Amino acid sequence: MTTLTKPDVRPARAEFSSGPCAKRPGWTPAALEDTPNGRSHRAKIGKSKLKLLIDKSAELLGLPAGYRIGIMAGSDTGAIEAAMWSMLGPRPVDVFAWESFGNDWVTDVTKQLKVDAEVHTADYGQLPDLSKVRKEADVIFTWNGTTSGVRVANADWIPADQEGLVFCDATSAVFAQDLEWEKLDVVTYSWQKVLGGEGAHGMLILSPKAVERLETFTPDRPLPKLFRMTKKGKLNEGIFEGATINTPSMLAVEDCLDALNWVEGIGGAKATMARADANLAAIAKFVETSDWAAFLCEDEATRSNTSVTLKITDARVAGLDTDGQQAFVKKMTGLLDKENVAYDIAGYRDAPPGLRIWCGATVDTSDLEKLGPWLDWAFAATVAEL
Numbered sequence: 001m002t003t004l005t006k007p008d009v010r011p012a013r014a015e016f017s018s019g020p021c022a023k024r025p026g027w028t029p030a031a032l033e034d035t036p037n038g039r040s041h042r043a044k045i046g047k048s049k050l051k052l053l054i055d056k057s058a059e060l061l062g063l064p065a066g067y068r069i070g071i072m073a074g075s076d077t078g079a080i081e082a083a084m085w086s087m088l089g090p091r092p093v094d095v096f097a098w099e100s101f102g103n104d105w106v107t108d109v110t111k112q113l114k115v116d117a118e119v120h121t122a123d124y125g126q127l128p129d130l131s132k133v134r135k136e137a138d139v140i141f142t143w144n145g146t147t148s149g150v151r152v153a154n155a156d157w158i159p160a161d162q163e164g165l166v167f168c169d170a171t172s173a174v175f176a177q178d179l180e181w182e183k184l185d186v187v188t189y190s191w192q193k194v195l196g197g198e199g200a201h202g203m204l205i206l207s208p209k210a211v212e213r214l215e216t217f218t219p220d221r222p223l224p225k226l227f228r229m230t231k232k233g234k235l236n237e238g239i240f241e242g243a244t245i246n247t248p249s250m251l252a253v254e255d256c257l258d259a260l261n262w263v264e265g266i267g268g269a270k271a272t273m274a275r276a277d278a279n280l281a282a283i284a285k286f287v288e289t290s291d292w293a294a295f296l297c298e299d300e301a302t303r304s305n306t307s308v309t310l311k312i313t314d315a316r317v318a319g320l321d322t323d324g325q326q327a328f329v330k331k332m333t334g335l336l337d338k339e340n341v342a343y344d345i346a347g348y349r350d351a352p353p354g355l356r357i358w359c360g361a362t363v364d365t366s367d368l369e370k371l372g373p374w375l376d377w378a379f380a381a382t383v384a385e386l
């Protein structure tokens with residue numbers, strides 16, 4: 001219930017940003033003490049750390065035999081664009097987009113690469129018609145829409161005998177949602193999301209079918225060095241063994257290894273998925289009794305358990321124009337920031353005005369439970385000034 005009385009208890013950690021996200025519980029800079037500072041990533045110690053990160057990631061994710069995983073520059077964006085620039089062209093493309101980053105991939109496909117494509121979009125909070133997927137086409141989609149709070153419920157809509165490659169931007173889904181690897185050929189994500197790692201590094205997962213495409217298709221476009229994954233017509237295996245294309249941050253590598261050790265220690269990916277589910281449930285409990293907030297994604301089956309988006313339904317705010325609503329959200333979230341209760345929870349700049357609360361595995365459910373009363377307080381304090 002909204003009230004102008006400040007709650008007594010604050011969340012222990014106020015980091016609810018959707019990227020970079022909260023560190024794993026108990027993290028301190030001491031986790032980085034084993035970093036080989038001042039050493040080359042090509043040295044034995046550097047290569048061993050990078051290879052360990054790759055191997056541990058593959059093991060924890062349960063990748064099928066024959067799938068390769070490597071480290072790329074440019075976070076998730078660098079990984080997905082390297083794949084698109086290197087592999088798109090032999091087949092028509094179906095692009096499914098329902099939020100900001102998915103729309104970026106639409107731009108890449110239609111305006112930059114200019115390949116034969118059909119584009120399927122939906123408004124924020126909804127999914128496009130996934131039944132329009134063509135078996136003969138390559139497919140590009142975002143498993144979890146970070147800016148919209150909408151995810152696909154599963155991969156049942158992808159034909160079991162899909163002929164084209166399936167490209168999946170899974171940056172805010174990996175380690176929080178159960179991806180069906182056998183139906184995915186190119187999967188990308190970054191350390192800064194569910195793992196709570198640092199930005200700038202991306203992960204690229206390739207199926208055997210994707211490797212075949214790389215080795216048999218030569219695109220008729222220039223490829224920057226950061227996108228080149230083959231040498232003399234064969235896959236550059238070094239990328240998937242720790243020989244990164246460019247210099248990685250060994251501090252960020254050490255931090256990611258710490259996060260992976262934490263995942264392993266709490267029971268693996270199933271445990272991180274369970275933590276994200278519990279966090280979503282905490283927000284759902286708050287929404288159930290709220291007289292001013294609702295989920296932007298109305299379909300529970302496709303509601304994200306990481307990037308949770310809320311809209312403001314109170315008529316005094318919903319009746320404002322878009323600029324007025326954005327100003328309200330800015331003022332409301334500013335109060336929460338000033339109180340050191342919640343940082344960075346305003347909705348994405350291109351999304352409808354509202355809140356976006358990160359609920360990935362590194363966030364503690366108890367902090368989300370404590371956040372609810374503060375949301376009510378901040379809303380009441382802000383709406384009282386309208």
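Going by UniProt numbering, the sequence shown opens with residue 1, and the numbers climb by one from there. Beta carbons are placed, not taken as given, at the ideal position from N, Cα and C, and that holds for glycine. Every value quoted in this text rests on a predicted model; they were computed, and no experiment measured them.
Work out the CA separation of Ala160 and Pro11 for me, nearest whole Å. Distance between Pro11 and Ala160, taken at the CA atoms: about 45 Å.
Cβ-based neighbour list, Thr230, same chain, cut-off 7 Å, excluding 5 preceding and 5 following: Excluding residues within five positions, the ones whose Cβ falls inside 7 Å are Leu214, Glu215, Asn236.
Enumerate in chain order the residues of its own chain whose CB-to-CB distance from Thr218 is below 7 Å, with the five nearest sequence positions on each side excluded. Take Thr218, set aside five residues on each side of it, and no residue of its chain has a beta-carbon closer than 7 Å to its own.
Quick one: any contact between the segment 353-370 and the segment 12-29, if contact means 3 or more CB pairs under 8 Å? With a cut-off of 8 Å, the segment 12-29 and the segment 353-370 count as touching, because enough Cβ pairs lie within range.
Straight-line Cα distance separating Arg275 from residue 426: Any property of residue 426 remains undetermined from this structure, which presents the chain solely from 1 to 386.
Select from Gly62, Asp55, Gly74 the residue whose C-alpha is nearest the C-alpha of Pro224. It is Gly74.
Reduced DSSP secondary structure (H/G/I, E/B, other) of Asp138: In the three-state scheme derived from DSSP, where H, G and I count as helix and E and B as strand, Asp138 is classed as strand.
State the Cα-Cα distance for the pair Lys135 and Asp116, rounded to the nearest angstrom. Asp116 has its alpha-carbon roughly 15 Å from the corresponding atom of Lys135.
What is the residue span of the alpha helix (DSSP H) that Leu368 lies within? 365-383 is the span of the alpha helix (DSSP H), which, as asked, contains Leu368.
If you compare alpha carbons, which of Arg91, Thr309, Gly319 is closest to Ala346? Measuring from the Cα of Ala346, the nearest candidate turns out to be Thr309.
What are the boundary residues of the alpha helix (DSSP H) that Arg316 is part of? Boundaries of the alpha helix (DSSP H) harbouring Arg316: 315-318, taken from the DSSP string.
At least three beta-carbon pairs within less than 8 Å, the segment 277-293 to the segment 54-71: Contact fails: fewer than three Cβ-Cβ distances are below 8 Å.
So if DSSP puts Asn144 in a beta bridge, which residue, or which two residues, is it bridged to? Paired residue(s): Arg151.
Give every residue of the same chain whose Cβ lies closer than 7 Å to the Cβ of Trp292, excluding the five residues on either side of it in the sequence, and list them in chain order. Same-chain partners within the cutoff: Thr2, Ile312, Thr313, Asp314, Phe379.
Going by the CB atoms, is the gap between Phe240 and Gly46 shorter than 8 Å? The Cβ-Cβ distance between Gly46 and Phe240 does not fall below 8 Å.
Nearest-angstrom Cα distance between Asp299 and Asp178? A straight-line Cα-Cα distance of about 18 Å links Asp299 and Asp178.
Between the C-alpha atoms of Met332 and Asn261, what's the straight-line distance to the nearest angstrom? Rounded to whole angstroms, Met332 and Asn261 show a C-alpha spacing of 37 Å.
Nearest to Ser18 by CA position, among Tyr124, Leu335, Pro352, Ser307, is which residue? For the set Tyr124, Leu335, Pro352, Ser307, the Cα lying nearest the Cα of Ser18 is the one of Ser307.
Sequence-distant residues of its chain with Cβ nearer than 6 Å to Gly268 (five each side left out): Contacts found: Leu60.
Considering only the alpha carbon of each residue, which of Ser304, Leu113, Leu257 lies closest to Thr147? Among Ser304, Leu113, Leu257, the Cα nearest to that of Thr147 is on Ser304.
Locate the alpha helix (DSSP H) running through Ile239, then write down its first and last residues. No alpha helix (DSSP H) holds Ile239; DSSP gives it neither H nor E.
Between the segment 320-339 and the segment 283-291, do three or more beta carbon pairs fall short of 8 Å? Judged by pairs of C-beta atoms under 8 Å, the segment 320-339 does not touch the segment 283-291, as fewer than three such pairs exist.
Report yes if the CB atom of Lys193 is closer than 8 Å to the CB atom of Gly360, and no otherwise. The criterion of a C-beta distance shorter than 8 Å is satisfied by Lys193 and Gly360.
For a test of the three-state rule: what should DSSP assign to Leu179, helix, strand or coil? Coil.
Since Ile140 contacts Val93 with CB under 8 Å, what's their CB separation in whole angstroms? Correct: roughly 6 Å between the Cβ atoms.
Distance between Arg316 and Ala137 (C-alpha atoms, nearest Å): Between Ala137 and Arg316, the alpha-carbon positions lie close to 47 Å from each other.
Return the Cβ separation of Ala83 and Leu204 in integer angstroms, given the expectation that the two are a contact with Cβ distance under 8 Å. A Cβ-Cβ separation of about 7 Å places Ala83 in contact with Leu204 under the 8 Å criterion.
Could you give the distance in angstroms between the alpha-carbon of Arg42 and the alpha-carbon of Gln325? Annotation: Arg42 to Gln325 spans about 51 Å, alpha carbon to alpha carbon.
Among Lys6, Thr5, Cys21, which has the Cα closest to the Cα of Arg356? Here the closest residue by C-alpha is Cys21.
Which word fits Gly242, buried or exposed, when buried means at least 16 other C-beta atoms lie within 10 angstroms of its C-beta? Gly242 should be labelled buried.
Once you ignore the five residues that flank Lys234 on each side, which residues in its own chain have a CB closer than 7 Å to its CB? Non-local C-beta neighbours of Lys234 in its own chain, meaning closer than 7 Å and more than five positions away in sequence, comprise Glu215, ordered along the chain.
I think Ala176 touches Thr77, with their Cβ atoms under 8 Å apart; what is that distance to the nearest whole Å? Going by Cβ atoms, the distance from Ala176 to Thr77 rounds to 19 Å, so no, they are not a contact pair.
Could you give the DSSP three-state label for Glu99: helix, strand or coil? Look at Glu99 here: in three-state DSSP terms it is coil, with no helix or strand label.
Do the CB positions of Leu165 and Ala210 come within less than 8 Å of each other? A contact, by the Cβ cut-off of 8 Å.
Quick check for students: name the residue ranges of the beta strand (DSSP E) that lie wholly in the segment 267-353, counting only runs of 3 or more. You should have 293-295, 307-312.
With burial defined as no fewer than 16 other Cβ atoms inside 10 Å of the residue's Cβ, what is the status of Gly202: buried or exposed? Gly202 counts as buried, since at least 16 other C-beta atoms from the protein chains shown sit within 10 angstroms of its C-beta.
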